[in-house]
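Working notes for the structure below.
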Amino acid sequence: MIIKFKVEFLQEVFNFLDKLDEKAREKILFNIDKSRVKNDSNLFKKLGSDIWEFRTLHNKKQYRLFAFWDKSDNKMTVVIATHGIIKKTQKTPKKEIEKAIEIMNRYFKEKNKRHENIHI
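Pasting the structure below:
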């Protein structure tokens, strides 16, 4: 099996996962691993121009981890998971997508700043 990307969690994802019961957490992590080798929009789906979601259904609850791609490393593409929610409706809340975009913008801004400091 070929792994298509690496996944990194920001702190907010760890905080979210820590609040879940063990079975839900295991299923989410299992689905994330599965999405790294298999294209399946039931597991990993594009929401907008730059934001994606890892999707897990467990015990009739919809778990979502929002994410974006960081392709700046020439070795391995990284998907950065920003935060998670338990969905209560079919539609993904717009504020959660906006939050993921805000986190993504901050991530790249800080990454570029670190990169500039290295090259001074």
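In terms of my numbering, the sequence shown has 37 at position 29, counting the first letter as 1, and numbering is strictly consecutive. For every residue, glycine included, the Cβ atom is placed at its ideal position computed from N, Cα and C. Note that the coordinates shown come from a computational prediction; the quantities given were computed from them, not determined experimentally.
Quick check on DSSP: helix, strand or coil for residue 22?
helix
I need the straight-line Cα distance from residue 83 to residue 76, nearest angstrom please.
17 Å
C-alpha distance - residue 16 paired with residue 88, whole-angstrom precision
5 Å
Here's the rule: buried if 16 or more other CB atoms are within 10 angstroms of the residue's CB, otherwise exposed. What is residue 97?
exposed
Evaluate the contact criterion for the segment 98–108 versus the segment 65–81: three or more CB pairs, one atom per stretch, below 8 Å.
yes
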